[in-house]
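Residue numbers (the numbering used here): 11 to 151.
So this is what it looks like as structure tokens:
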């Protein structure tokens, strides 16, 4: 299996500094204290974590539905990653997933069961397991 690579650079102090990141495929962005802990423009690690969770979950749910004999037409996941001040530092405190899926010929109970199982078992969720609670709002469209 492949190993994926990305790097980041930070220049300057915490509040006045700036950072940039770049992945091996060209995915890149810049970030700052303001874009991470306030509402300034730019990216941040939590946005990247949310994107990773949304992409992984959508793919894993599609696989789970297909294994159960109900391949989806589409799965759309939006992830919301919350970072908060905890004690003297900051901590990712919650990941919330909003999932909308078009799955012909599946009942809501079976869909919910597969969606919950996926939340526990997709690879990126596994990284957070025991550290960050994952909330799930999964609905059929």
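The beta-carbon is built from N, C-alpha and C at its ideal position, and this holds for glycine as well.
- Going by C-alpha positions, residue 130 is about 15 Å away from residue 72.
- Counting along the chain, residue 73 sits inside the alpha helix (DSSP H) bounded by residues 55-77.
- Taking a contact as a CB-CB distance under 8 Å, the pair residue 135 and residue 41 does not count as one, their CB atoms being some 24 Å apart.
- Note: residue 32 is bridge-paired with 17, 38 in the DSSP secondary-structure output.
- Secondary structure at residue 105: strand, using DSSP grouped into helix, strand and coil.
- The way I'd put it, the stretch 49-69 does touch the stretch 97-109; three or more beta-carbon pairs between them come closer than 8 Å.
- Looking only at 34, 29, 26, the smallest Cα-Cα distance to residue 12 is reached by 34.
- Exclusion of the five residues before and after residue 125 leaves 71, 109, 146, 148 as the residues of its chain whose Cβ lies within less than 7 Å of its Cβ.
- Excluding sequence positions up to five before and after residue 127, its CB lies within less than 7 Å of the CB of 74, all in the same chain and listed in chain order.
- Across the set 44, 87, 114, the C-alpha of 44 shows the shortest separation from the C-alpha of residue 27.
- At least 8 Å separates the beta-carbon of residue 95 from that of residue 143.
- For residue 84, the three-state secondary structure derived from DSSP is strand.
- Here residue 59 is buried. Its C-beta has 16 or more other C-beta atoms within 10 Å.
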